[in-house]
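Step one of this worksheet: look at the structure below.
Numbering (this note's numbering), first residue to last: -11 to 576.
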């Protein structure tokens, strides 16, 4: 493992009190990089290398191209900045239009081609058009902890050879002027003169999947996540295993999450959405196994101007025509404060919509023309081709009467219409409910998801119980056929109640049932020995000390039923887990 220091022109620096020769931006990537190497960018403002055409002519920006580098998910090649002290500047070329979906011959600050095990982190990024990171044929790529403005697609992946992509902790303002939300019409951004904004923080075209998109902040953008897969035979092959959670969205002019063509095993949970247009787009999308739960969304203002024809929107967007999902689609325990229909029109299949709490705004609480008293859970054009028996609405709570398209088709028999229902302050994102309403327990066991998360009470809305904490919900389980290392998707530490003193790790793929020696490393540095029991999708350890703050050290041979040893790639930031050699316990 090496740390290679990088400055823009390769000058001499003082690092940790020592004089240090550094590599220039170009020289750094000419080294024989291998797993464990860190390219540490020092304080500087960096521009891409230039391909100069001679004196008096324009110089073209060249990408940093990483090709054929092979590391491992747990021992990657890391390209690291120093946060705000390391600024990467792209082209900001004066070109009015950019490609709808970038390709390799378009500019990107980093091009990652046929690589594996790459991490790009801790930079400030400005004006990389059309992309900051472009990838093809690459796996286990992470882009995290980056603050950025501009770009059509900040990160873009192309082709079925791309999978296992992590984008986390990024703070992206696509249009710092704010005009994309307040001034430019939706139509002009979608496909006319401002379509260079019709991108996303993460975009893809025809990738296999394995995407983790979490803990990002997206504001003043046209879309946040857009995954295209137009192959008609792609169901179950492209856009498989996508988890979107913990993100904060503010003023997204079109779609917060937009799969196109197909998506299988798409989970959208524990996100907050403040101001968006068509929030979650399932418009003409096949596939299925979609879970939308424990999200909260609200508005503070109406987008666009009086000359914009697209200032309404919806939460769930559907198309009147197929494809429809052939697998299940669960939307449950979300909390919405709306000025729009939750579902405006279109048709779908296999949707079970339950336990959602929806408050529609009152005209007297907002500026004239913002709140329409005719808005409801679904619009009159929903399921216009006839009700399909695979679609079920029940146990929802809202303050508008359930529309006839639901009641005449036997829906919401246990739903609650309460004209006096209010969140504590939905307009400010406070979704506590003064008088909770009972919901229906939602099990995903038929999906092959472990059924171990049932709370003592089950109520409508995101917040549960007397403490009004967000619903935990099921833990993500993969569905792709790839023999990949099981990864940690949740770390649960019980301080009190049932299972107190237990650390439970949930994995996306099943583990071989076995007992493993583990180490509990305390904050004091003391180490305790214990046994971890792997069973199905979990590994559990009972601790003799309070589990908060305990680092759990697992042995290197914890194995999935597919024969692959586990990985810490994309483990939740709070997992507190390392993998090291651990000696077996001596017999008692």
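We put the CB at the ideal spot given by N, CA and C, even for glycine.
This structure is a prediction, so every number in the text was calculated from the model and none was measured.
Nearest residue (CA-CA) to residue i, options the options
i, options, result
"residue 119", "216, 191, 62 and 345", "191"
"residue 335", "349, 355 and 314", "314"
"residue 477", "232, 49, 414 and 504", "232"
"residue 447", "440, 215, 512 and 323", "323"
"residue 346", "200, 305 and 425", "425"
"residue 398", "380, 15 and 552", "380"
"residue 274", "306, 499, 287 and 262", "306"
"residue 286", "266, 309, 269 and 260", "260"
"residue 203", "414, 562 and 394", "562"
"residue 366", "216, 525, 348 and 357", "348"
"residue 480", "527, 421 and 193", "527"
"residue 568", "508, 525, 535 and 534", "508"
"residue 500", "302, 189, 547 and 474", "547"
"residue 87", "534, 544, 169 and 179", "179"
"residue 68", "-9, 439, 474 and 254", "-9"
"residue 457", "404, 475, 11 and 258", "258"
"residue 72", "10, 136 and 20", "136"
Those residues which DSSP pairs with residue i across a bridge
i, result
"residue 413", "418"
"residue 28", "-7 and 68"
"residue 120", "For residue 120, which the question treats as bridged, DSSP gives no partner whatsoever."
"residue 232", "201 and 256"
"residue 504", "520"
"residue 76", "34 and 113"
"residue 577", "In this structure the chain extends from -11 to 576, so residue 577 is not present and cannot be described."
"residue 572", "DSSP, once it has assigned bridges, lists no residue as partnering residue 572."
"residue 247", "215"
"residue 8", "1"
"residue 39", "48"
"residue 55", "101"
Residue i classed as buried or exposed, judged by whether at least 16 other C-beta atoms fall within 10 angstroms
i, result
"residue 222", "buried"
"residue 32", "buried"
"residue 90", "buried"
"residue 406", "exposed"
"residue 6", "exposed"
"residue 213", "buried"
"residue 537", "exposed"
"residue 408", "exposed"
"residue 126", "buried"
"residue 329", "buried"
"residue 52", "buried"
"residue 362", "exposed"
"residue -1", "exposed"
"residue 228", "buried"
"residue 99", "buried"
"residue 402", "exposed"
"residue 483", "exposed"
"residue 461", "buried"
"residue 145", "buried"
"residue 450", "buried"
"residue 413", "exposed"
"residue -3", "exposed"
"residue 352", "exposed"
"residue 162", "buried"
"residue 422", "exposed"
"residue 206", "buried"
"residue 318", "buried"
Other residues of its chain near residue i: CB distance less than 8 Å, five sequence neighbours each side excluded
i, result
"residue 503", "519, 520, 521 and 522"
"residue 429", "442 and 446"
"residue 44", "Here the model assigns residue 44 a pLDDT of 49, short of 50, so the residue's position is not dependable, and the following value carries that caveat. Around residue 44: no qualifying Cβ."
Beta-carbon contacts of residue i that lie in its chain and below 6 Å, excluding the five residues immediately before and after
i, result
"residue 427", "343, 383, 446, 447 and 448"
"residue 58", "104"
"residue 24", "-11 and 63"
"residue 130", "107 and 154"
"residue 452", "443 and 459"
"residue 138", "115"
"residue 558", "154, 200 and 475"
"residue 488", "482"
"residue 80", "115"
7 Å CB neighbourhood of residue i in its chain, flanking five on each side removed
i, result
"residue 550", "471 and 497"
"residue 176", "182"
"residue 289", "263"
Neighbour flag for residue i against chain D, beta carbons, 9 Å
i, result
"residue 211", "The chain labelled as chain D is not found in the depicted structure, where only one protein chain is given."
Complete runs of the alpha helix (DSSP H) confined to the stretch 364 to 401 [at least 4 residues]:
Listed in chain order, the complete alpha helix (DSSP H) runs (minimum 4 residues) inside the stretch 364 to 401 are 392 to 395.
Quick one: complete beta strand (DSSP E) runs, 3+ long, within the stretch 429 to 490?
At a cut-off of 3 residues, the continuous stretches assigned as beta strand (DSSP E) that sit fully inside the stretch 429 to 490 are 476 to 482.
Jot down the residue ranges of each uninterrupted beta strand (DSSP E) in the stretch 304 to 367, minimum 3 residues, whole runs only, in chain order.
Runs of the beta strand (DSSP E) inside the stretch 304 to 367: 317 to 320, 323 to 326, 331 to 334, 339 to 342 and 345 to 348.
Just to confirm the assignment: which complete beta strand (DSSP E) runs, minimum length 3, are found wholly within the stretch 253 to 304?
The stretch 253 to 304 contains these whole beta strand (DSSP E) runs: 260 to 264, 266 to 269, 273 to 281 and 284 to 286.
Of all the beta strand (DSSP E) runs that stay within the bounds of the stretch 136 to 210, which reach a length of 3 or more residues?
Runs of the beta strand (DSSP E) inside the stretch 136 to 210: 141 to 146, 151 to 156, 159 to 161, 188 to 193, 197 to 202 and 205 to 209.
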